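Trainee: Here's a structure for you.
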Amino acid sequence: MTELPLIGEAVAVAAERRLAGAKIGVVTFPGTLDDRDAARAVRLAGGTAVPLWHADTTLGDVDAVVIPGGFSYGDYLRAGAIARFAPLMSKIIDAANSDAKLPVLGICNGFQILTESHLLPGSMIKNDHLKFLCRDQVLRVENNNTAWTLDYEAGQEITVPLKNQDGQYIADEKTLDALEAEGRVAFRYVGFNPNGSRRDIAGISNAAGNVVGLMPHPEHATEVGFGPESLDGIGGSDTDGLGFFTSVLNKIVGGAK
0 MTELPLIGEA
10 VAVAAERRLA
20 GAKIGVVTFP
30 GTLDDRDAAR
40 AVRLAGGTAV
50 PLWHADTTLG
60 DVDAVVIPGG
70 FSYGDYLRAG
80 AIARFAPLMS
90 KIIDAANSDA
100 KLPVLGICNG
110 FQILTESHLL
120 PGSMIKNDHL
130 KFLCRDQVLR
140 VENNNTAWTL
150 DYEAGQEITV
160 PLKNQDGQYI
170 ADEKTLDALE
180 AEGRVAFRYV
190 GFNPNGSRRD
200 IAGISNAAGN
210 VVGLMPHPEH
220 ATEVGFGPES
230 LDGIGGSDTD
240 GLGFFTSVLN
250 KIVGGAK
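So for the sequence shown, numbering that gives the first Met the number 0 puts the first residue at 0; every next one is plus one.
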């Protein structure tokens with residue numbers, strides 16, 4: 000009988016040593032819930048996770064940034080609206096828009112923060128059914144040319160957990176048409192739209208492809224035995240989310256396709 004490893008010992012893949020030098024900053028705000036999960040995903044992919052605090056005034060020497068999920072500032076004003084004004088966010092905004100084009104991934108509340116920061120267009124509002132929803136969700140990779148999707152195939156279907164209350168992505172028709180025309184819809188919901196997002200959009204990117212935001216949680220699908228299995232015969236394995244993190248690491252060290 001093969002024994003499953005303890006959670007603390009679980010390994011998703013045999014990480015490549017060359018990736019270890021890549022430093023990925025993981026931001027924590029008051030109310031962040033998934034910062035440790037995101038940091039663990041970075042380590043499982045083979046990189047070095049660097050903790051960043053919302054009040055920091057410098058990014059240090061990180062090569063990319065993950066803004067994880069949670070409920071920053073309790074979502075008391077509007078999801079992500081207060082976090083947008085954190086001192087560290089001004090540094091992230093500048094670095095993402097600079098010539099260096101720092102890769103930035105916003106997950107769930109992080110996606111909300113990216114829209115509030117205008118690093119990504121549109122906005123997030125309450126789910127159309129007005130309830131919190133937690134489920135395994137099938138996504139289709141629409142754009143595999145971003146810094147965070149290079150290790151996926153275009154059209155590939157993956158399964159990752161989703162958990163949100165303010166997950167409905169909205170934008171005006173002109174913005175939606177532009178996102179479609181420019182190939183900036185990164186992920187789309189498959190089989191079921193869990194929150195009423197326009198055009199089944201689950202995630203988008205900026206024009207340069209270095210900034211990506213999505214509502215589902217790839218950091219919760221990075222370990223064998225501890226992630227979602229295929230859903231109704233659709234999707235892949237319980238490590239489907241690992242590609243986000245290997246993608247950016249490979250890009251940083253020069254191994255991206």
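Cβ atoms here follow ideal geometry from the backbone N, Cα and C, with glycine treated the same way. Every value quoted in this text rests on a predicted model; they were computed, and no experiment measured them.
So is Pro227 buried or exposed if we call it buried at 16+ other beta carbons inside 10 Å?
Mentor: buried
Trainee: When you compare the CB positions of Pro67 and Gly24, do they come within less than 8 Å of one another, or not?
Mentor: no
Trainee: Return the Cβ separation of Arg198 and Leu175 in integer angstroms, given the expectation that the two are a contact with Cβ distance under 8 Å.
Mentor: About 6 Å; that satisfies the 8 Å criterion.
Trainee: So if DSSP puts Gly242 in a beta bridge, which residue, or which two residues, is it bridged to?
Mentor: BP columns for Gly242 are empty, so no partner.
Trainee: Can you list, in chain order, the residues of its chain whose CB lies under 6 Å from that of Arg17, leaving out five sequence neighbours each side?
Mentor: Val252
Trainee: Give the C-beta separation of Ala201 and Arg187 to the nearest angstrom, bearing in mind that I take them to be a contact with Cβ-Cβ under 8 Å.
Mentor: 6 Å
Trainee: Who does Phe186 pair with in a DSSP beta bridge?
Mentor: Beta-bridge pairing links Phe186 to Val140, Gly202.
Trainee: On the criterion of 16 or more Cβ atoms from any shown chain inside 10 Å, does Pro217 qualify as buried, or is it exposed?
Mentor: buried
Trainee: With which residues is Val49 paired in a DSSP beta bridge?
Mentor: Under DSSP, Val49 shares a beta bridge with Gly24.
Trainee: Could you give the C-beta distance for Asn126 and Asn194, rounded to a whole number, given that I count them as a contact under 8 Å?
Mentor: The beta-carbon separation of Asn126 and Asn194, rounded to 4 Å, stays under the 8 Å limit for a contact.
Trainee: Using only the alpha-carbon positions, how far apart do Thr238 and Arg77 sit?
Mentor: About 32 Å.
Trainee: Would you call Ala257 buried or exposed, if buried means 16 or more other Cβ atoms sit within 10 Å of its Cβ?
Mentor: As shown, the chain starts at 0 and ends at 256. That puts residue 257 outside it, with no answer to give.
Trainee: Using the Cα positions of Gly166 and Leu119, report the straight-line distance between them to the nearest angstrom.
Mentor: 15 Å
Trainee: Which residue's Cα is closest to the Cα of Thr114: Ala177, Ala170, Leu241?
Mentor: Ala170
Trainee: Between which two residues does the alpha helix (DSSP H) harbouring Val41 extend?
Mentor: For Val41, the enclosing alpha helix (DSSP H) starts and ends at 34-44.
Trainee: Consult DSSP for Ala19 and reduce its assignment to one of helix, strand or coil.
Mentor: coil
Trainee: Given a cut-off of 8 Å on the beta-carbon distance, is the pair Thr158 and Ala40 in contact?
Mentor: no
Trainee: Distance check for Asp150 and Ser246, CA to CA, integer angstroms please.
Mentor: 5 Å
Trainee: Note down, one range per segment and in chain order, each beta strand (DSSP E) of at least 3 residues found wholly within the stretch 43-114.
Mentor: 47-52, 63-66, 103-106
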